[in-house]
Amino acid sequence: MPPTILPSLFETLSFYLIPSPEWSPFWYNLYEGLGTCMIVWIQLYFFGMSTDITIQLVGFITMHLVTFPIVAWHAYYGDGWTEEAVDTCLGIVPVLGLDVVTVWLVYWRGRGGLDEELGAKD
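All residue numbers for the sequence shown refer to our numbering, where the first residue is 28 and numbers rise by one.
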């Protein structure tokens, strides 16, 4: 009995864990945005704040901010709000949230870091 239960369990789990092709614009934008934020976070961790990192961060945020209105404009004046356009916009929203978190982390790192702020109060 257990050998037949395991394959059906794996099939059921894989059905819910594997993203459907309809959601590929969402996942693409989410992974792309997470990757760009991770690049900035890793560089900040290893090299500290610099002009190059600031320029990269501004470029990434500009790309993310410009992508959203372009997709919305094409959806509004083009074929209408298709599922692909909605999924693309839904993928950009968490990316913009990651950008806000990245800017907040850069701000605290540039001011001496959160640890120094907390240590000064003790």
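Positions of the beta carbon are idealized from the N, C-alpha and C atoms, including for glycine.
Would you tell me roughly how many angstroms separate the C-alpha atoms of residue i and residue j, rounded to the nearest one?
| i | j | result |
| --- | --- | --- |
| Ala102 | Met90 | 18 Å |
| Gln13 | Glu59 | Outside the shown range of the chain, which is 28 to 149, sits residue 13, and nothing can be said about it. |
| Trp131 | Gly107 | 36 Å |
| Thr78 | Phe53 | 31 Å |
| Thr63 | Gly86 | 10 Å |
| Thr109 | Cys116 | 11 Å |
| Gly105 | Ala99 | 9 Å |
| Pro48 | Val93 | 25 Å |
| Met76 | Met65 | 15 Å |
| Trp135 | Phe74 | 15 Å |
Would residue i and residue j be called neighbours here (beta carbons separated by less than 9 Å)?
| i | j | result |
| --- | --- | --- |
| Asp126 | Ile97 | no |
| Leu123 | Phe95 | yes |
| Ile80 | Val128 | no |
| Trp68 | Asp114 | no |
| Tyr55 | Gly118 | yes |
If I follow the unbroken alpha helix (DSSP H) through residue i, where does it start and stop?
| i | result |
| --- | --- |
| Met76 | Run containing Met76: none; DSSP gives neither H nor E here. |
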